[in-house]
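**Q** Take a look at the following structure, please.
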Amino acid sequence: MNRFWFFSFLILLVVGILTGILLTRIQVFSAPEQPIAYSHKTHIEAGIQCLYCHSSPLRSDLAGIPSVKKCMGCHNVIANDKPEVQELAGYWEREEPIPWVRVSSQPEFIYFSHLPHLGTGLSCETCHGDIGQMTVTRPVVKMDMGWCLDCHLKEPQPKATRLADCLACHK
Amino acid sequence: MSKKLTRRDFIKIAAGATAATGLAPVARRIVIEPFVQPPEETLPGQATWYASTCRQCPAGCGIVVRTINGRAKKIEGNPLHPLNQGKLCARGQAGLQVLYNPDRLRNAVRQSGGRGSREYEPLYWSEALDLLAEKVSSLGHPDRMAFLGGLMPDHLYQLTNSLLTALGTAPPIIYDLQCTLEGRRPATQLSQTFFGTADLPVYDIAMSDVVFSFGANLFETWMSPVAQSVALGSMRQGKLSGRGLIVQFEPRLSATGASADEWIPVRPGAEGYVALAIGRIIVEERLGHVGSHRDNAVLYQNVDVREMSAASEVSVDTLRRLAQAFADADRAVAIPGGYLSGQHNGFASMLAVQALNRIVAQIGRQGGVFLSTPAPTVALRSKPEVNTLSDVRNLIKRMNAGEVDLLLIHGTNPLYELPAALGFAEAIKHVPYVVSFSPFVDETAVWADLILSDHTYLESWGYQVPSPGTDRPVISSQQPVVNPLYDTRSTAQVLIELAARLGGRAVEAIPWADEESYLQELVTELYGSSLGAFDARTPPGFWTLWRQYGGWWSEKEIRQEPETTDIVQKPLPMVDPQFDGDPEEYPFHLYPYSSVALTDGRGANQPWLQETPDPMTTVQWGIWVELNPQTAEELGVEDDDIVLVESPYGTLEVSVFVYPGIRPDVVAIPIGQGHQDYGRFAQAVTGSNPLALLAPITDPDTESLAWGATRVRLSPTGRKKKLARLESIDGQGRESIG
Numbered sequence: 000m001n002r003f004w005f006f007s008f009l010i011l012l013v014v015g016i017l018t019g020i021l022l023t024r025i026q027v028f029s030a031p032e033q034p035i036a037y038s039h040k041t042h043i044e045a046g047i048q049c050l051y052c053h054s055s056p057l058r059s060d061l062a063g064i065p066s067v068k069k070c071m072g073c074h075n076v077i078a079n080d081k082p083e084v085q086e087l088a089g090y091w092e093r094e095e096p097i098p099w100v101r102v103s104s105q106p107e108f109i110y111f112s113h114l115p116h117l118g119t120g121l122s123c124e125t126c127h128g129d130i131g132q133m134t135v136t137r138p139v140v141k142m143d144m145g146w147c148l149d150c151h152l153k154e155p156q157p158k159a160t161r162l163a164d165c166l167a168c169h170k
Numbered sequence: 000m001s002k003k004l005t006r007r008d009f010i011k012i013a014a015g016a017t018a019a020t021g022l023a024p025v026a027r028r029i030v031i032e033p034f035v036q037p038p039e040e041t042l043p044g045q046a047t048w049y050a051s052t053c054r055q056c057p058a059g060c061g062i063v064v065r066t067i068n069g070r071a072k073k074i075e076g077n078p079l080h081p082l083n084q085g086k087l088c089a090r091g092q093a094g095l096q097v098l099y100n101p102d103r104l105r106n107a108v109r110q111s112g113g114r115g116s117r118e119y120e121p122l123y124w125s126e127a128l129d130l131l132a133e134k135v136s137s138l139g140h141p142d143r144m145a146f147l148g149g150l151m152p153d154h155l156y157q158l159t160n161s162l163l164t165a166l167g168t169a170p171p172i173i174y175d176l177q178c179t180l181e182g183r184r185p186a187t188q189l190s191q192t193f194f195g196t197a198d199l200p201v202y203d204i205a206m207s208d209v210v211f212s213f214g215a216n217l218f219e220t221w222m223s224p225v226a227q228s229v230a231l232g233s234m235r236q237g238k239l240s241g242r243g244l245i246v247q248f249e250p251r252l253s254a255t256g257a258s259a260d261e262w263i264p265v266r267p268g269a270e271g272y273v274a275l276a277i278g279r280i281i282v283e284e285r286l287g288h289v290g291s292h293r294d295n296a297v298l299y300q301n302v303d304v305r306e307m308s309a310a311s312e313v314s315v316d317t318l319r320r321l322a323q324a325f326a327d328a329d330r331a332v333a334i335p336g337g338y339l340s341g342q343h344n345g346f347a348s349m350l351a352v353q354a355l356n357r358i359v360a361q362i363g364r365q366g367g368v369f370l371s372t373p374a375p376t377v378a379l380r381s382k383p384e385v386n387t388l389s390d391v392r393n394l395i396k397r398m399n400a401g402e403v404d405l406l407l408i409h410g411t412n413p414l415y416e417l418p419a420a421l422g423f424a425e426a427i428k429h430v431p432y433v434v435s436f437s438p439f440v441d442e443t444a445v446w447a448d449l450i451l452s453d454h455t456y457l458e459s460w461g462y463q464v465p466s467p468g469t470d471r472p473v474i475s476s477q478q479p480v481v482n483p484l485y486d487t488r489s490t491a492q493v494l495i496e497l498a499a500r501l502g503g504r505a506v507e508a509i510p511w512a513d514e515e516s517y518l519q520e521l522v523t524e525l526y527g528s529s530l531g532a533f534d535a536r537t538p539p540g541f542w543t544l545w546r547q548y549g550g551w552w553s554e555k556e557i558r559q560e561p562e563t564t565d566i567v568q569k570p571l572p573m574v575d576p577q578f579d580g581d582p583e584e585y586p587f588h589l590y591p592y593s594s595v596a597l598t599d600g601r602g603a604n605q606p607w608l609q610e611t612p613d614p615m616t617t618v619q620w621g622i623w624v625e626l627n628p629q630t631a632e633e634l635g636v637e638d639d640d641i642v643l644v645e646s647p648y649g650t651l652e653v654s655v656f657v658y659p660g661i662r663p664d665v666v667a668i669p670i671g672q673g674h675q676d677y678g679r680f681a682q683a684v685t686g687s688n689p690l691a692l693l694a695p696i697t698d699p700d701t702e703s704l705a706w707g708a709t710r711v712r713l714s715p716t717g718r719k720k721k722l723a724r725l726e727s728i729d730g731q732g733r734e735s736i737g
């Protein structure tokens, strides 16, 4: 009887782990719920460049999330009848920051900077996918070490060696 | 599997494992909050450094604060600032923990359960200000209000002073423990007597070859410790004439004493005698190279070197050797420190020490004594002057007599900082309404009806003329480096808004719309000055550069050279030290010393400072009493034994630290612990406040607290409480073996 339980346990554990992995994959590529239903598609179709709102990747480590003030720069008059824009105006009125949920992230122990990546001529879409087609923003790749090295190792030598050095990314 | 697994357990484990694996990424949900209105000078992900002024002690060092995305991350010294030249002490570094302290008040509050209840109810600022305005305007007579302050930023002092004057109330009483321990008031009086001006002296340690420090803990907390430490570096390594000689005269070996070349453990209160004897020897034996000593002979005509030697317990040979070293040096300076001023004969001792500079002609000479250069405009010269203990005593008397209906308290914590024997705790109960401006609920704020919590200094505007200063005029600016974290309000702003509510003469006296416009008006007076280290083309441009540089200072060295008054034509006074407590019954001198990390107790709510090992004992998070090994043996106690320390005024139980660097007749306790309130970190260290032991006696010449003039007795309790020490005292770890 004891043996039966033991094997059942093993099988269920394996199933559990597999389910976990599956769930993790789903989680990684799922779109987090945002405080305002913001659509990148609408904005890109209106002809706005990424760098208009995410203005600092050419000067800083971070691309930057636009301030509420920047949103209101247009939405004072544009589409202010839409409920989402009215929600935005609510934050502006209350002088509250919008608690956006991060879509793409790197762990704390990684040093990552946008600046050199854009400097080599990469476009935003290389890593962030076709954001212009997304009504709900979600990650398109799992930004793990294998994925980073995929590109880093394709660089010509000696750059590839330098870019594959642990301390190039790990703090 | 030896243990039987039940079906229930099995399902639990399986479900738990599945959930844990599956839910892992959910826990990594990260919220990113952008600015509502981004400051124009910030870039996401890039550090922005703001220049400001440190307020962890009254020295006024320039700081630069690294901020990222609107959050302060690191404080360093401002490299351009002439006072601290890019250096900063541990207290300055720990300033972030004032800003981010979890025990900060987040609103204006009223004690809902009555005073002392520690139950608070938040108030809207408009309500709180209405309440304050109502209390002020309903006073029977303006004299029935009093303002007690610590050494506050200069602009706040001016606003307070103007408002109180307009209302017909007496000017603020400025008094805090740090000023008392460093002897700020007696030092000012010494300058007044010796040089005829109230500017504090600047001792040119950097260029000096021989420094005699009489109880000045130059490299810890006394006056401007960072500037003095920078000067020490220059003295030791910056000159061609060698390392120089530093002699420290004090009954306990402090960290400054440990940096000195020689430590002379003088009998407490006899430091002045040592100075007199050295002076007498120099004059009598015509030592040194200044030529005739005829003018100075009168100073020492009553001094007998042998008597002085016996009274101070420093041998005549040592005195002669020191006199020779002092007189023969190219440049020598003698510094009267805080421990001197804390004696009953403090002022006489300080005069004797300052006279040494006179007889070797080091007044106004490189490597000698200068005076702090005052600010270049009249408006900027108005700064807080420390009051005497007698003024505080008077206030207590008036409070007890029911003559004070409204007491305002800013930047000082009298319930903790004053000797308990003065009875402030009882007196405050006789005041019908007490308003505190403290950002923390400290011992005094507990007895306030209303707390109008001020911003912390990293969120505040201001400026300060460092005093003592440096080799040139300096005005150090203070600006917010982050937006205020909570709904607190700067006291300057509160006063401006109070004046607006009161109307009439109050608003005429301080008519500004807000603190910033007041400062801007005051500071742009400097615009166009030819002395400044930077040039601005317009007054608003000046205001910008003022904030970017962290203040205004002269490009070139401008020293104020003192002139001696006719004090030097009379024999120097010789006053016997007096101590409170019968020597038979209370055999030891109590030396309550300023802690290098906690200062006068204001640092006790910052865990980084609590964790900083004391430089001499390496104790962390603790309070102790230092005993000479011989004293410890006589009492039959050893390290970590708890002893009862008793003075005629109070008692204290504390662990023993056996310390060879102290006279056998002296016991020393660091100040700073023993908080009943002031937040979780301050209260984490159990123990009592050593100030409870102090006799409320003053030096009659300066009316300052003689904090080093109390006698105590010690008795073992038979109990033990281990101190957390980082290192053993012999550096070998031998004490901890066996």
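Residue numbers (numbering that gives the first Met the number 0), protein chains in the order written: chain A, 0 to 170; chain B, 0 to 737.
Virtual Cβ for every residue (Gly too), placed ideally from N, Cα, C.
(1) According to DSSP, A667(B) sits in a beta bridge with which residue or residues?
(2) Which two residues bound the contiguous alpha helix (DSSP H) that contains V352(B)?
(3) Looking at T387(B): is its Cβ nearer than 8 Å to the Cβ of E702(B)?
(4) Identify the residues that DSSP records as bridge partners of A202(B): which are they?
(5) Any idea if Y51(A) is buried or exposed, counting beta-carbon neighbours within 10 angstroms, 16 or more meaning buried?
(6) Given that a residue counts as buried once 16 or more other Cβ atoms are within 10 Å of its Cβ, and exposed if not, what is T616(B)?
(7) Can you tell me the Cα-Cα spacing of A26(B) and S466(B), whole angstroms?
(8) Between K68(A) and chain B, is the shortest Cβ-Cβ distance under 8 Å, so that the two count as touching?
(9) Mind pulling the chain A residues with CB within less than 8 Å of V35(B)?
(10) Give the range of the beta strand (DSSP E) segment to which Y432(B) is assigned.
(11) Quick one: complete alpha helix (DSSP H) runs, 4+ long, within the segment 132-180 of chain B?
(12) Shortest alpha-carbon distance to T134(A) belongs to which of V13(A), H39(A), I35(A) and P96(A)?
(13) What are the start and end residues of each continuous beta strand (DSSP E) run of 3 or more residues lying completely inside the segment 626-657 of chain B, in chain order?
(14) Return helix, strand or coil for Y456(B), following the three-state DSSP convention.
(15) Within the chosen definition, does the segment 102-120 of chain B reach the segment 436-449 of chain B through at least 3 CB pairs nearer than 8 Å?
(16) Should T490(B) go down as buried or exposed, given a rule of 16 or more other Cβ atoms within 10 Å for buried?
(17) Look up F3(A) in the DSSP assignment and say whether it is helix, strand or coil.
(18) Do E94(A) and V35(B) have their CB atoms nearer than 8 Å?
(19) Kindly say whether L57(A), judged by its beta-carbon, lies nearer than 8 Å to any beta-carbon of chain B.
(20) Just to confirm the assignment: which complete alpha helix (DSSP H) runs, minimum length 4, are found wholly within the segment 37-124 of chain A?
(21) Kindly indicate which residue of E32(B), L451(B) and Q492(B) has the alpha-carbon position closest to the one of V67(A).
(22) R101(A) versus chain D: which residues are under 7 Å apart at the beta carbon?
(23) Use the C-beta contact count for F3(A): other C-beta atoms within 10 angstroms, 16 or more gives buried, fewer gives exposed.
(24) Have a look at E554(B) and Y462(B) and give me their C-alpha separation to the nearest angstrom.
(25) Listed from N- to C-terminal order along the chain, which residues in the segment 36-49 of chain B have their beta-carbon within a distance smaller than 7 Å of any beta-carbon of chain A?
(26) Closest by CA to T709(B), which one among K721(B), L692(B) and H674(B)?
(27) If you drop the 5 nearest sequence neighbours on each side, which residues of the same chain put their C-beta closer than 8 Å to that of T543(B)?
(28) Can you give me the Cβ contacts of I245(B) inside the same chain, cut-off strictly under 6 Å, excluding the 5 residues immediately before and after it?
(29) Am I right that L571(B) and Y299(B) are in contact with their C-beta atoms under 8 Å? What's the rounded C-beta distance?
(30) Which stretch, first to last residue, makes up the beta strand (DSSP E) that contains F213(B)?
(31) Three-state secondary structure (DSSP) at P539(B)?
(32) Which bits of chain B does P31(A) rub up against, with CB to CB less than 7 Å?
(33) Taking the straight line between their C-alpha atoms, what separation do you get for Q759(B) and M142(A)?
(34) Does R161(A) pass the burial test, meaning 16 or more other C-beta atoms within 10 Å, or should it be called exposed?
(35) For the beta strand (DSSP E) containing L321(B), name the first residue and the last one.
(36) Is P121(B) near V135(B), with beta carbons less than 8 Å apart?
**A** Looking at the coordinates:
(1) Counting from 1 along the second sequence, the entry for residue 667(B) is found at position 668. According to DSSP, A667(B) bridges with Y590(B) and E625(B).
(2) In the second sequence, counting from the first residue as 1, residue 352(B) sits at position 353. Run containing V352(B): G345 to I358, per the alpha helix (DSSP H) assignment.
(3) As a first step, residue 387(B) must be located in the second sequence, where it is residue number 388. As a first step, residue 702(B) must be located in the second sequence, where it is residue number 703. Taking 8 Å as the Cβ cut-off, T387(B) and E702(B) qualify as a contacting pair.
(4) For the purposes of this step, residue 202(B) is taken as the residue at position 203 of the second sequence. In the sequence on display, residue 202(B) carries Tyr and not Ala. For Y202(B), which the question treats as bridged, DSSP gives the partners V368(B).
(5) The residue given as residue 51(A) occupies position 52 in the first sequence. Per the 10 Å Cβ criterion, exposed.
(6) Your numbering for residue 616(B) matches position 617 in the second sequence. With 16 or more neighbouring CB atoms inside 10 Å of its own CB, T616(B) falls in the buried class.
(7) Locating residue 26(B) in the second sequence gives position 27, where the first residue counts as 1. Locating residue 466(B) in the second sequence gives position 467, where the first residue counts as 1. Low confidence applies to A26(B): its pLDDT is 48, below 50, so where it sits in the model is not reliable, and the reading given next is rough at best. Taking the straight line joining both Cα atoms gives about 53 Å.
(8) Start at 1 with the first residue of the first sequence, and residue 68(A) comes out as number 69. It does: the Cβ of K68(A) has a partner Cβ on chain B nearer than 8 Å.
(9) Here residue 35(B) corresponds to residue number 36 of the second sequence, with the count starting at 1. Taking a Cβ-Cβ threshold of 8 Å, the residues of chain A close to V35(B) are S66, V67, K68, Y90, W91, E94, E95 and P96, in chain order.
(10) Numbered from 1 along the second sequence, position 433 holds the residue referred to as residue 432(B). Here the beta strand (DSSP E) through Y432(B) covers Y432 to S435.
(11) Within the segment 132-180 of chain B, the complete alpha helix (DSSP H) runs of at least 4 residues are 153-166.
(12) Counting from 1 along the first sequence, the entry for residue 134(A) is found at position 135. A check of alpha carbon separations from T134(A) across V13(A), H39(A), I35(A) and P96(A) identifies H39(A) as the nearest.
(13) Within the segment 626-657 of chain B, the complete beta strand (DSSP E) runs of at least 3 residues are 640-645 and 650-657.
(14) Reading the second sequence from its first residue, position 457 is the one you call residue 456(B). Residue state for Y456(B) is assigned as helix, using DSSP reduced to three classes.
(15) The segment 102-120 of chain B and the segment 436-449 of chain B touch, with no fewer than 3 CB-CB distances between them shorter than 8 Å.
(16) Taking the first residue of the second sequence as 1, we reach residue 490(B) at position 491. Flag for T490(B) reads buried.
(17) In the first sequence, counting from the first residue as 1, residue 3(A) sits at position 4. In the three-state reduction of the DSSP assignment, F3(A) falls in the helix class, which pools H, G and I.
(18) By one-based count along the first sequence, residue 94(A) stands at place 95. By one-based count along the second sequence, residue 35(B) stands at place 36. Contact flag set, yes.
(19) On the first sequence, position 58 is the one that residue 57(A) refers to. No, L57(A) lies away from the interface with chain B (no Cβ there is under 8 Å from its Cβ).
(20) Taking only runs of at least 4 residues, the alpha helix (DSSP H) segments lying wholly in the segment 37-124 of chain A are 39-44, 49-52, 67-74, 82-93 and 113-118.
(21) As a first step, residue 67(A) is located in the first sequence; it is residue number 68 there, counting from the start. Checking every option, the nearest Cα to that of V67(A) belongs to E32(B).
(22) The displayed structure is made up of protein chains A and B, and chain D is not among them.
(23) Your numbering for residue 3(A) matches position 4 in the first sequence. That one is exposed.
(24) The residue labelled residue 554(B) in the question sits at position 555 within the second sequence. The residue labelled residue 462(B) in the question sits at position 463 within the second sequence. Cα to Cα, the separation comes out at about 19 Å.
(25) Look at the segment 36-49 of chain B: the residues with a C-beta under 7 Å from a C-beta of chain A are Q36, P37, L42, P43, G44 and Q45.
(26) Within the second sequence, numbered from 1, the residue matching residue 709(B) stands at position 710. A check of alpha carbon separations from T709(B) across K721(B), L692(B) and H674(B) identifies L692(B) as the nearest.
(27) Translated into positions along the second sequence, residue 543(B) becomes position 544. So the list reads A535, once near-sequence residues are dropped.
(28) Locating residue 245(B) in the second sequence gives position 246, where the first residue counts as 1. Correct list, in chain order: V210, A259 and D260.
(29) Position 572 of the second sequence, counted from the start, is the residue given in the question as residue 571(B). Position 300 of the second sequence, counted from the start, is the residue given in the question as residue 299(B). Here L571(B) really is in contact with Y299(B); their C-beta atoms are around 7 Å apart, less than 8 Å.
(30) On the second sequence, residue 213(B) is found 214 positions in, with the first residue counted as 1. Run containing F213(B): V209 to F213, per the beta strand (DSSP E) assignment.
(31) Position 540 of the second sequence holds residue 539(B). Here P539(B) sits in helix by DSSP.
(32) For the purposes of this step, residue 31(A) is identified with residue 32 of the first sequence, where counting begins at 1. Against chain B, a Cβ distance below 7 Å from P31(A) picks out R28.
(33) Residue numbering for chain B in the displayed model covers 0 to 737; residue 759(B) lies beyond these limits and cannot be assessed.
(34) Position 162 of the first sequence, counted from the start, is the residue given in the question as residue 161(A). With fewer than 16 Cβ atoms within 10 Å of its Cβ, R161(A) is classed as exposed.
(35) In the second sequence, residue 321(B) corresponds to position 322, counting from 1. Note, L321(B): premise wrong, no beta strand (DSSP E); alpha helix (DSSP H) at V315 to D327.
(36) Position 122 of the second sequence, counting from 1, holds the residue named residue 121(B). Position 136 of the second sequence, counting from 1, holds the residue named residue 135(B). Their beta carbons are not under 8 Å apart, which means P121(B) does not touch V135(B) by this criterion.
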